[in-house]
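So for the sequence shown, our numbering puts the first residue at 261; every next one is plus one.
Beta carbons: idealized from backbone N, C-alpha and C, even for Gly.
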Amino acid sequence: MDLRAQSTTDWSCLPLLLLRHFHLKGKNEAMGYGELKTKSNNTLFMMRMFQTYYDCRAVVFTTTPRIIEVCNSLGITTSSNMTLNPFGLPYIGSMYHAAASLFDGAFYGYINADILLSTSFMEVLSFIESQRSSHSRDTLIEVCHNAYNVRAPKLSAAMQPSDYDAATSSLLQKNKGQRGKSSVDLFILSSQFRRFPFEPMVIARSRIDTYMMYYALRNKGMLIDSGVAAISFHQGLETYTSRAKGVTGEDYNWNKERSKKYFVDLNSATDVVKRRKSGGLELGRAQRVVLRKKA
């Protein structure tokens with residue numbers, strides 16, 4: 261299947277190498293990016309900042325020349341190595357495996373292109389990895405968060421972590437509400453995902469979040485809600501329903517038809533990351549675990 265002939269939509273997958281220590285690598289120079297949407301710029305600038313100051317790498321899956329050009333200028337890897345369904349949408353599993361073939365990481369996280377992550381995720385992932393002694397090294401771990409809706413800020417390509425933290429703190433104070441427990445735009449998998457096959461689910465269609473949370477539980481893994489310890493932001497108030505106007509039939513219901521027998525949301529989390537009053541982190545049991553079967 262010819263990807264370039266079928267889709268110019270942009271997706272992003274952020275493979276997060278385990279943060280061993282927090283260190284700075286130098287200064288950035290500001291750049292201009294022309295006609296890209298503000299929220300697209302923001303996500304790319306965030307990726308550049310994470311790559312520059314933390315031990316992680318970003319991959320943007322895209323076939324759009326302008327996005328590729330901007331990513332190249334920011335030092336962000338791009339890839340079109342995706343397997344598509346008949347409607348031109350990438351199977352999410354193919355993106356994880358493509359990212360893993362490019363970079364060796366402890367965690368690989370998919371985010372939608374309008375999502376921003378707090379820098380606390382670096383600390384949280386390092387903490388979760390440090391807790392592995394109480395679990396099998398083969399246990400699959402998935403970290404999720406339901407984002408806060410915010411207005412798209414105007415971030416800078418030259419920003420440092422302190423600048424970004426100030427911006428996200430302001431966003432949180434002015435947030436327009438948190439998305440529902442079944443509306444998740446962030447799925448961070450531990451490298452053990454390579455052992456567990458994915459079902460043919462695609463991004464940009466309903467129930468992908470339900471499936472990805474089910475994926476961890478189905479494979480007897482840990483589904484961890486990052487809670488208030490590490491939060492994410494959804495830029496804008498647009499919903500899947502508003503984005504999918506005009507999409508009908510099998511295309512619209514691709515994931516739904518394949519996930520009729522179960523429903524999973526963050527209420528199904530096995531664990532939640534909590535921050536102590538002292539500032540440290542702890543991994544606590546979630547209040548309840550629900551894996552509801554569909555009739």
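- Ranked by Cα distance from E510, the options N345, R454, L415 are led by N345.
- Cβ atoms of G440 and N406 come within 8 Å of each other, at about 7 Å.
- The DSSP assignment places complete beta strand (DSSP E) segments of no fewer than 3 residues inside the stretch 383 to 428 at 401 to 404, 408 to 410, in order along the chain.
- Contact between Y408 and T379 is ruled out by a C-beta separation of about 15 Å, above the 8 Å threshold.
- In the structure shown, K520 adopts coil according to DSSP, grouped into three states.
- Under the Cβ criterion (8 Å, minimum of three pairs), the stretch 347 to 358 counts as touching the stretch 453 to 473.
- Here Y471 really is in contact with S519; their C-beta atoms are around 5 Å apart, less than 8 Å.
- The stretch 427 to 435 and the stretch 474 to 489 do not touch, with fewer than 3 CB-CB distances between them shorter than 8 Å.
- Across the structure, Q311 and A418 are spaced so that their CA atoms are roughly 12 Å apart.
- When DSSP states are grouped into helix, strand and coil, S340 belongs to the coil group.
- By the neighbour-count criterion, in which a residue is buried when 16 or more other Cβ atoms sit within 10 angstroms of its Cβ, S300 is buried.
- When DSSP states are grouped into helix, strand and coil, D469 belongs to the helix group.
- The continuous stretches of beta strand (DSSP E) do not include E459, and DSSP gives it neither H nor E.
- Distance from the CA of L415 to the CA of A427, rounded to the nearest whole angstrom, comes to 8 Å.
- For W514, the closest alpha carbon among the candidates S466, D398, T343 is that of S466.
- Following the DSSP letters along the chain, one finds V330 inside the alpha helix (DSSP H) bounded by residues 325 to 334.
- Excluding five sequence positions before and after A464, the CB atoms of its chain that fall closer than 6 Å to its own CB belong to L349, given in chain order.
- Taking the Cα positions, K297 is about 15 Å away from V410.
- With respect to the 7 Å criterion, S492 and I375 are classified as neighbours on the basis of their beta carbons.
- Under DSSP, D531 shares a beta bridge with I484, R545.
- Nearest C-alpha to I371 among R545, Q452, G539, M307: M307.
- Cβ neighbours of Y474 within its own chain (closer than 6 Å, five residues either side excluded): Y522, V524.
- Burial check for G369: the Cβ neighbour count within 10 Å reaches 16 or more, so the residue is buried.
- The C-alpha of P413 lies about 29 Å from the C-alpha of G506.
- Per DSSP, G353 is not a residue of any beta strand (DSSP E); the alpha helix (DSSP H) it occupies stretches across 352 to 362.
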